[in-house]
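*Asks:* Residue numbers (this note's numbering), protein chains in the order written: chain A, 1 to 114; chain B, 1 to 110. From the three backbone atoms N, C-alpha and C, an ideal C-beta is built for every residue, glycine too. I'd like to ask you about the structure that follows.
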Amino acid sequence: SQTIHQWPATLVQPVGSPLSLECTVEGTSNPNLYWYRQAAGRGLQLLFYSIGIDQISSEVPQNLSASRPQDRQFILSSKKLLLSDSGFYLCAWSDFSAGRYEQYFGPGTRLTVT
Amino acid sequence: AQSVTQLGSHVSVSEGALVLLRCNYSSSVPPYLFWYVQYPNQGLQLLLKYTTGATLVKGINGFEAEFKKSETSFHLTKPSAHMSDAAEYFCAVSVRKFYFGTGTSLTVIP
Numbered sequence: 001s002q003t004i005h006q007w008p009a010t011l012v013q014p015v016g017s018p019l020s021l022e023c024t025v026e027g028t029s030n031p032n033l034y035w036y037r038q039a040a041g042r043g044l045q046l047l048f049y050s051i052g053i054d055q056i057s058s059e060v061p062q063n064l065s066a067s068r069p070q071d072r073q074f075i076l077s078s079k080k081l082l083l084s085d086s087g088f089y090l091c092a093w094s095d096f097s098a099g100r101y102e103q104y105f106g107p108g109t110r111l112t113v114t
Numbered sequence: 001a002q003s004v005t006q007l008g009s010h011v012s013v014s015e016g017a018l019v020l021l022r023c024n025y026s027s028s029v030p031p032y033l034f035w036y037v038q039y040p041n042q043g044l045q046l047l048l049k050y051t052t053g054a055t056l057v058k059g060i061n062g063f064e065a066e067f068k069k070s071e072t073s074f075h076l077t078k079p080s081a082h083m084s085d086a087a088e089y090f091c092a093v094s095v096r097k098f099y100f101g102t103g104t105s106l107t108v109i110p
């Protein structure tokens with residue numbers, strides 16, 4: 001079966017500090033990968049999606065970036081955090097080639113920028 | 001353009017009462033449709049999905065939804081609410097890309 005991991009679970013960072021959030025998927029190959037942000041009491045905002053290694057699309061221009069160094073690893077980064085980067089970050093995967101059109105989500109990372 | 005509309009950002013029901021969460025979509029092609037549930041500080045969990053076939057789909061925790069093409073709707077129902085159903089619910093549409101509704105917060109009153 002497939003599982004998706006995210007870490008850390010919670011993070012408190014000062015404004016201007018760097019960020020690195022990691023997501024890994026097990027039990028599937030060449031998944032589509034996604035990063036979402038959920039602000040307090042708000043819906044989901046798609047930040048990045050990737051259909052393969054080094055194939056990443058950005059949905060919203062901002063100070064965040066994403067990388068996919070391995071097939072099942074997706075990293076969200078920032079060089080300098082802003083207060084507005086606070087939120088709940090969710091990683092997800094899907095596998096259209098297997099006829100699975102739904103997305104499966106990780107447990108999330110709660111980021112507080114102070 | 002595709003979009004998803006969830007009517008009612010907050011819904012309250014009494015324990016044991018019917019749960020009805022509304023979702024309407026707009027799509028130029030037949031979509032795949034999903035409902036997710038999110039408990040506080042957790043990721044989203046797939047409740048049920050419609051891709052093809054029977055328009056009434058059953059999911060986990062006693063929830064079901066019916067795809068009505070003529071009404072472009074995919075409402076989520078549960079005959080009898082339980083306290084553990086209190087959560088945020090998201091409707092989603094997949095048409096090449098994934099589109100989420102803004103969510104409905106369900107409160108269950110004892």
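1. Thinking C-beta only, is residue 93 of chain B closer than 7 Å to residue 31 of chain B?
2. Is there at least one Cβ from chain A nearer than 7 Å to residue 55 of chain B's Cβ?
3. Thinking residue 21 of chain B and residue 56 of chain B are a contact (beta carbons under 8 Å), I'd like their distance in whole angstroms, please.
4. Name, going along the chain, the residues of the stretch 61–79 of chain A whose beta-carbon falls closer than 8 Å to a beta-carbon of chain B.
5. Quick one: using the 10 Å Cβ neighbour count with 16 as the cut-off for buried, is residue 110 of chain B buried or exposed?
6. Compare the Cα-Cα distances from residue 4 of chain B to each of B:17, B:54, B:25, B:11 and report the closest residue.
7. Given this structure, state the Cα-to-Cα distance separating residue 43 of chain A from residue 89 of chain A, to the nearest angstrom.
8. Could you name the residues of the same chain whose beta carbon sits closer than 8 Å to that of residue 70 of chain A, not counting the 5 residues immediately before and after it, in chain order?
9. Would you mind telling me which residues of chain A sit closer than 7 Å to residue 51 of chain B, beta carbon to beta carbon, in chain order?
10. Would you mind sorting residue 83 of chain A into buried or exposed? The rule is 16 or more other CB atoms within 10 Å of its CB.
11. Return yes when at least one heavy atom of the ligand ATP lies under 6 Å from the C-beta of residue 56 of chain A, else no.
12. Under the DSSP definition of a beta bridge, which residues are partnered with residue 24 of chain B?
13. Going by CA-CA distance only, name the one from A:32, A:110, A:27, A:103 that's closest to residue 86 of chain A.
14. Using Cβ-Cβ distances below 7 Å, what residues of the stretch 38–61 of chain A are close to chain B?
15. Would you say residue 22 of chain A and residue 56 of chain A are within 7 Å of each other, going by their C-beta atoms?
*Replies:* With the given structure in hand:
1. Yes.
2. It does not: the Cβ of residue 55 of chain B has no partner Cβ on chain A nearer than 7 Å.
3. No, residue 21 of chain B and residue 56 of chain B are not in contact; Cβ-Cβ is about 16 Å, not under 8 Å.
4. Cβ contacts with chain B come from no residue of the stretch 61–79 of chain A.
5. Residue environment analysis places residue 110 of chain B among the exposed positions, since fewer than 16 neighbouring C-beta atoms fall within 10 angstroms of its C-beta.
6. The residue with the shortest Cα to Cα distance from residue 4 of chain B is B:25.
7. Rounded to the nearest angstrom, the two C-alpha atoms are 12 Å apart.
8. 53, listed in sequence order.
9. Ordered by position in chain A, the residues that pass the 7 Å Cβ test against residue 51 of chain B are 101.
10. In summary, residue 83 of chain A is exposed, with fewer than 16 beta-carbon neighbours lying within 10 Å of its beta-carbon over all protein chains present.
11. Among the components of this structure there are no ligands whatsoever, and the ligand ATP is therefore not found.
12. B:5, B:73.
13. Comparing alpha carbon positions, the residue from A:32, A:110, A:27, A:103 closest to residue 86 of chain A is A:110.
14. Listed in chain order, the positions of the stretch 38–61 of chain A with a beta carbon within less than 7 Å of a beta carbon of chain B are 43, 44.
15. No, Cβ-Cβ distance for residue 22 of chain A and residue 56 of chain A is not below 7 Å.
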